[in-house]
Structure formats: structure tokens, C-alpha cells
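Here's the structure, in C-alpha cells; my notes come after.
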Amino acid sequence: MTKAQGTGLCQDGVHEEARSRRRRQSLGARYAYGLIFFATNLLAWFIRDYGAKLLRGLHHVPVCGAGDSKCFQSGGVLRVSLGCFIFFWLMFATTFGARKLHGIRNSWHSGFWVLKSLVYAVSMITPFIIPNIIIQLYGEIARMGAGVFLLLQLISMQYFISWCNSRWMPDSGSNQFGLFGLFLSTVSFVASFAGLAVLCVLYVPSSSCAFNIFTVAWTAILVMTMMAVSLHSKVNEGLLSSGIMSLYVVFLCWSALHSEPKTGKCHTEMKFAKDGGDWATVVSFIIAIFAIVMATFSTGIDTRSFQVSLV
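Next up, the structure:
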């Protein structure tokens with residue numbers, strides 16, 4: 001081997017190591033963005049429930065005033081949501097079209113975390129100083145955006161559910177039985193139907209609750225359809241996937257019904273805590289945080305979550 005060839009091999013090794021390092025940084029950045037999104041959800045919860053007591057200084061901000069509705073409670077959640085939207089929109093706008101690991105946009109995507117921390121802080125502070133009319137307008141637009149986000153979240157959750165199915169359920173051509181996967185599938189469907197029964201007891205106290213009856217009935221039809229398709233002789237697979245998805249769909253139905261005004265005649269409260277805390281809200285919050293963060297990780301790690309195969 002000549003000296004020139006040896007030098008070339010060394011340079012190739014250095015370039016390959018540099019590319020590998022940039023690739024790891026790019027993948028690690030996606031986890032970092034997921035953690036930022038998770039922290040923002042916790043911040044919104046803190047502002048909603050404890051902000052008025054612990055952040056009294058915000059009452060002196062002109063747009064907040066003396067009341068709690070503008071910068072705390074639901075108003076505080078809207079402002080945190082707007083700050084989160086501003087930050088991630090800036091990240092999207094500045095990294096759109098990044099295709100090369102050695103490009104400047106990928107470097108910005110994977111690094112400069114001190115500067116990004118400042119951008120995040122400014123993005124979170126800005127909504128608390130802008131006029132309330134803009135927050136109200138954003139709240140109306142966010143209603144439609146929440147529906148779109150829920151649909152994207154549902155699609156991206158398919159990656160996690162497919163991973164569970166492929167890990168714990170055997171392939172159709174193998175001789176493995178997949179007892180654990182079958183057990184999880186059974187538990188998932190039993191829990192789904194039990195959840196539907198609980199929803200009927202809590203949110204359908206009378207035949208006059210037409211909307212609640214419609215929501216629960218169509219959720220039950222969707223769960224039974226997924227189970228029937230999975231058990232069909234021509235399909236005969238995806239039982240665990242449909243079971244987990246059934247649980248998630250029942251949870252979404254519960255969240256929608258639980259969000260109804262508690263003063264309505266179709267809402268039955270269940271409070272077990274002595275201090276009046278609503279256990280259903282706590283459980284719903286934990287599940288929602290887990291689903292949102294898992295969907296964020298799934299979308300960031302594998303863009304195939306949004307690819308449709310025609311084969």
C-alpha cells in the first residue's frame with residue numbers, strides 16, 4: 001500500500017466518523033425536542049392549576065390583570081400553547097429542507113442548544129405580554145388545530161402499536177404461538193368493553209343524552225369492527241394492534257365526554273379523593289401526556305409513520 005492510499009483511507013475513516021457523529025446528533029435532537037414538548041405540557045398543567053397561587057407577579061402584567069382567567073387556568077394554557085407553537089414553528093421554518101448531515105440547517109437542528117433555550121424562553125414569555133384579543137383569536141384557531149393534531153397523533157401512534165404487535169405476536173408463517181401477545185390482546189379488548197360499559201353508566205344516565213349515546217355507540221361499533229376484522233379468517237392477524245388501538249379509542253371517547261360541562265345533566269362525577277380532587281382528570285392527564293410524547297417520539301424517529309404503502 002502506498003503512502004497516498006494510506007492517507008486516503010485515513011481521510012475516508014475520518015469522514016465516515018464525522019458523518020456517524022452528525023447522524024447520532026440528528027437522532028438525539030429528536031429526543032430532545034420530544035422532551036421539550038413533554039416539559040411544555042407539564043408547564044401548561046402547572047400554569048393552569050398552580051400558577052395563580054405561585055406566580056402572583058403576573059397579576060401586575062397589564063394583559064393579565066387581577067383575575068385568574070386571562071393568564072391562568074384555561075387562559076394560561078392557551079398562552080403556553082401559543083408559546084409552544086411559536087417555538088416549534090420557528091424550528092420548522094429554520095430547518096425546513098434540511099437534507100444533508102453536513103448542512104448548516106442540520107447543524108442548527110442538532111446543536112446550538114443554549115441559543116435554542118433562549119429562543120424557547122422568549123417564545124414562552126411573548127404570549128404573556130401580547131393583547132388578549134390575539135389569545136382569543138388563537139384559541140378559536142387552536143380548536144381546529146387540535147383536531148388535526150389529534151388525527152396526526154392517532155396516525156403516528158400506529159408505529160408504536162405496530163412495534164408491539166411485531167414484538168409480541170408471531171408472524172403468520174412461523175410456528176410460534178405468542179401466548180403473551182394473545183394475553184395482552186384479550187386484556188385489551190376486555191378492558192375496552194369494560195370501559196364502554198363504564199362510559200354508559202357515567203355519561204348516559206338517561207335517554208335524553210343523545211350526543212353521549214351517539215359518541216359511545218359509535219366508539220363501540222368501531223371497537224367491534226376492529227376486533228372482527230382482526231379475527232376474520234382472511235386477515236387473522238393484527239389482533240394485538242387492534243386491541244391496543246381499541247383501548248386508545250375508548251380513552252379518546254372518555255376524554256371527550258369528561259370534558260363536557262360538569263353542570264350538565266349527562267355528566268356524573270366520580271370523586272374519591274377527600275380533598276375533592278378528580279381522579280379521572282389525573283388519569284386522563286397521565287394517559288394523554290404518555291400518548292402525546294410517544295406520538296412525538298414515533299414521528300421524530302421514523303417518518304414512515306405517515307407513509308402509505310400501496311402494495
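Under full-length UniProt numbering, read the sequence shown as residues 1 to 311, first letter to last. Ideal Cβ placement from N, Cα and C applies to all residues, glycine included.
In this structure, does DSSP put residue i in helix, strand or coil?
i	result
residue 65	coil
residue 129	coil
residue 116	helix
residue 148	helix
residue 103	coil
residue 273	Confidence at residue 273 is low in this model, with a pLDDT of 42, below 50, so the placement of that residue should be treated as unreliable; the coordinate-derived value is given next. It is coil, neither helix nor strand.
residue 204	coil
residue 257	helix
residue 266	coil
residue 252	helix
residue 318	Not covered by the structure: residue 318. The range shown for the chain is 1 to 311.
residue 111	coil
residue 55	coil
residue 164	helix
Buried or exposed, going by whether 16 or more other CB atoms sit within 10 Å of the CB of residue i?
i	result
residue 254	buried
residue 104	exposed
residue 246	buried
residue 225	exposed
residue 146	exposed
residue 60	exposed
residue 35	exposed
residue 227	buried
residue 282	exposed
residue 127	buried
Just the C-alpha distance for residue i and residue j, rounded to the nearest angstrom, thanks.
i	j	result
residue 96	residue 152	19 Å
residue 119	residue 42	19 Å
residue 87	residue 150	20 Å
residue 138	residue 92	19 Å
residue 106	residue 56	40 Å
residue 213	residue 191	19 Å
residue 51	residue 65	14 Å
residue 198	residue 187	16 Å
residue 141	residue 78	11 Å
residue 260	residue 33	32 Å
residue 71	residue 183	47 Å
residue 201	residue 133	40 Å
residue 29	residue 181	33 Å
residue 209	residue 195	18 Å
residue 84	residue 47	14 Å
residue 204	residue 256	13 Å
For residue i versus residue j, is the C-beta distance shorter than 9 Å?
i	j	result
residue 94	residue 113	no
residue 189	residue 243	yes
residue 239	residue 185	yes
residue 220	residue 251	no
residue 135	residue 82	yes
residue 89	residue 285	no
residue 241	residue 158	yes
residue 206	residue 265	yes
Does any residue of chain B have a CB that is nearer than 9 Å to the CB of residue i?
i	result
residue 266	Looking at the structure shown, chain B is missing, and only one protein chain is on hand.
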